[in-house]
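Numbering (UniProt numbering), first residue to last: 1 to 323. Just so you know, even glycine gets a beta-carbon here, dropped at the ideal spot from N, CA and C. Down below is the structure, laid out as structure tokens.
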Amino acid sequence: MGAKQWEEATCIDFKEDKDKKAENSIILIKEDGCWSYVGRVGGEQPLSLGDGCEQVGIATHELGHALGLFHTMSRYDRDDFITVVLENVVEGFVDQYIKETPQTTTNYGFTYDYGSIMHYGASSASHNNKPTMVANDTRYQESMGSQILSFIDKSMINDHYNCKAKCPKATSAKCQNGGFPHPRKCSECICPSGYGGALCDQRPTGCGQTLKAKESKQFLIDKLGFPSGVRDEFAFCNHWIEAPEGKKIEIKINSISHGYAHDGCILGGVEIKTSEDQTRTGYRFCSPNDRNTVLVSATNRVPIITFNRSGQHQIILEYKIVS
Numbered sequence: 001m002g003a004k005q006w007e008e009a010t011c012i013d014f015k016e017d018k019d020k021k022a023e024n025s026i027i028l029i030k031e032d033g034c035w036s037y038v039g040r041v042g043g044e045q046p047l048s049l050g051d052g053c054e055q056v057g058i059a060t061h062e063l064g065h066a067l068g069l070f071h072t073m074s075r076y077d078r079d080d081f082i083t084v085v086l087e088n089v090v091e092g093f094v095d096q097y098i099k100e101t102p103q104t105t106t107n108y109g110f111t112y113d114y115g116s117i118m119h120y121g122a123s124s125a126s127h128n129n130k131p132t133m134v135a136n137d138t139r140y141q142e143s144m145g146s147q148i149l150s151f152i153d154k155s156m157i158n159d160h161y162n163c164k165a166k167c168p169k170a171t172s173a174k175c176q177n178g179g180f181p182h183p184r185k186c187s188e189c190i191c192p193s194g195y196g197g198a199l200c201d202q203r204p205t206g207c208g209q210t211l212k213a214k215e216s217k218q219f220l221i222d223k224l225g226f227p228s229g230v231r232d233e234f235a236f237c238n239h240w241i242e243a244p245e246g247k248k249i250e251i252k253i254n255s256i257s258h259g260y261a262h263d264g265c266i267l268g269g270v271e272i273k274t275s276e277d278q279t280r281t282g283y284r285f286c287s288p289n290d291r292n293t294v295l296v297s298a299t300n301r302v303p304i305i306t307f308n309r310s311g312q313h314q315i316i317l318e319y320k321i322v323s
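Structural data, given as structure tokens:
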């Protein structure tokens, strides 16, 4: 499933090397922990999915390393976005938080994405249950540690492998809202979260609704999930809240039925996209303690994405136009 996530969003194909004739290959092993080398090292390259690593999000993360992605919190510009608290990091994991340099890695011009699948959770590798990272904008604290492949993850790998060159600009889809032509079907686009349609100019199909904000308070009540148990894949609902041109929208979290905030919203929550840059992951919330959080949009549209893979949750948001 991890390989499928990357295949569906890039021009990369993973093929089983049954005859072991490939000059370079990834060998799945089961050793202690979840780990991979970064990029191709040559020959048979091990990738470990040990006990506790048998999750789609973890496999996708480790394959991201094998494809060439460093940890997001290792970006050379990370201090502009997070504060790393090394004294809380367990011995043996400090090297996971070493900053790269412009000479050792490239960000391909993309902004820092708290919701990247390559970003550790805020308390990952902690020896005392205290945060190892604090978002400079603390409203992003629960966005870290995602198990959902983000739009910027997809776009970065497409740049890294030159997949975007497969779609000539003159004849390919004219993608909106920061999307880019799909290298496997240039007439359609790969879209940021909360956007869909062939050109990323529509609300994604499936559950959800388009709501019109007024100056008086209204409510969005979202129920999502399964009767019981934890599933490998997330269910999603996509809502748009819109206001007249030139107006902004205030979103307030009224309630989240029960907590999913286990070092990030790894089981479910809500993503609220209020920033002008719609390509990066929005603010994610998944704890009843997030009640009364207030966000104000930069534009007259706010995509709201609820997601869940464990039980059922209910999220209630208040929204209204603000001048």
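Distance from the CA atom of V89 to the CA atom of Y140, rounded to whole angstroms, is 20 Å. The DSSP assignment places 268 to 272 and 283 to 285 as complete runs of the beta strand (DSSP E) inside the segment 266 to 290, in order along the chain (cut-off: 3 residues).
Judged by beta-carbon spacing, G206 lies beyond the 8 Å limit of P192, meaning their Cβ atoms are not closer than that value. In this structure Y108 is exposed. Its beta-carbon is surrounded by fewer than 16 other beta-carbon atoms within 10 angstroms.
At a Cβ-Cβ threshold of 8 Å, I305 and F236 count as neighbours. For V322, the uninterrupted beta strand (DSSP E) run begins and ends at R301 to V322, by DSSP. By the beta-carbon neighbour count (other beta carbons within 10 angstroms, threshold 16), V270 is buried. The straight-line gap separating the alpha-carbon atoms of D32 and F70 is approximately 20 Å. Bounds of the alpha helix (DSSP H) holding H65 are V56 to L67. A Cβ-Cβ separation of about 15 Å leaves I117 out of contact with Q96 under the 8 Å criterion. With 16 or more other Cβ atoms from the protein chains shown falling within 10 Å of its own Cβ, N158 counts as buried. In the structure shown, the three-state DSSP call for G52 is coil. Within the segment 148 to 199, the complete alpha helix (DSSP H) segments at least 4 residues long are 151 to 160, listed from N- to C-terminus.
About 14 Å separates the beta carbons of E242 and V322, which is beyond the 8 Å limit, so they are not a contact pair.
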